[in-house]
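Enquirer: If you scroll down you'll find the structure; I have some questions about it.
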Amino acid sequence: QELAEARSEQSAWRVASPASQRRDAPVAQSDDRTLPPEQWNDVQKKKSISQRSSKGWPEPKALQSLERLFPLKPGIGKKGALSNRFDEGTKQDINQQAFGGKLQWMDGVYQGFNGDVTRKKLPLHMSSRRLPLESVAKWYDTRWDLYIPEHGLGPMEETRGTVYEHRPHYLVWAVPRKLKVGFNPIILYGAGYIDLKDNAAVDRHLATLLRSAELIDRAHA
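Okay, structure coming up:
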């Protein structure tokens, strides 16, 4: 019931300043990686660009520029409980705010997700990029951030045999900024892809969004 009440309040997202996300976001652990974060980020970025180039499906440069984050480690006694939410109103708001309305949601994909398969693609367990947005309202006494994990571009069971099979896509997750001991709902809004013809439009939109986020930081410096 508590999760249902929280989910019913989720409707709007706004620009988040980098400082606010850094200050309150769950701490990213190295997860036994030997490279320092900045160098590791560069390696992951080059790997992603190379993979997409080999498939003839590059992504918008502003999206490429988002920092790759180590898996978010919830800590001892803190657990994530998966939930999926596919209401069109929230998905439209996320699409407009983050992608200028150009993200093509993949109907029917991940809606009946296998918990074990999808759990591996959680930002808590996999490197991801955090979008420069935060929830307008607080749920569970904290704001939420949106993440898209780096889940690779190979054939995926969830899209095999569908019209989306060869389209590199993103999973969009909402994660509480402050993880508590015990129950932490982690919400999957769905999967989507960006058409190549829309890359320039998404790039312009996201670049403007990132500049707005930086201006918020400067205004509060």
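Numbering (this note's numbering), first residue to last: 3 to 223.
We put the beta carbon where it would ideally sit given N, CA and C, even for glycine.
1. Sorted by chain position, which residues of the same chain lie with C-beta nearer than 8 Å to M128's C-beta, five sequence neighbours on each side aside?
2. Which residue's Cα is closest to the Cα of Q23: S56, E69, D147 and P60?
3. Would you call the CB atoms of W15 and Q94 closer than 8 Å?
4. Use the C-beta contact count for V111: other C-beta atoms within 10 angstroms, 16 or more gives buried, fewer gives exposed.
5. Where do the N-terminal and C-terminal ends of the alpha helix (DSSP H) with W42 fall, by residue?
6. Quick check on D38: buried or exposed, where buried means 16 or more other Cβ atoms within 10 Å of its Cβ?
7. Determine the burial state of A18: buried for a count of at least 16 other Cβ atoms within 10 Å of its Cβ, exposed for fewer.
8. For W141, which beta-bridge partners are listed by DSSP?
9. Contact between the segment 179-186 and the segment 38-47 is defined here as three or more beta-carbon pairs at a separation below 8 Å; is this criterion met?
10. Take R54 as the anchor and find which of I188, L135, P170 and R132 has the nearest alpha-carbon.
11. Where L208 and S56 are concerned, what is the direct C-alpha to C-alpha distance, given to the nearest angstrom?
12. Tell me the residue span of the beta strand (DSSP E) that contains G192.
Expert: Taking the definition as stated:
1. P73, K122, P151, E152 and H153
2. D147
3. no
4. buried
5. P39 to S56
6. Note that residue 38 corresponds to Pro in the displayed sequence, not to Asp. Classification of P38: exposed, given that the 10 Å Cβ count is below 16.
7. With 16 or more Cβ atoms within 10 Å of its Cβ, A18 is classed as buried.
8. For W141, DSSP records a beta bridge to T144.
9. no
10. P170
11. For L208 and S56, the distance between alpha carbons rounds to 24 Å.
12. G184 to I196
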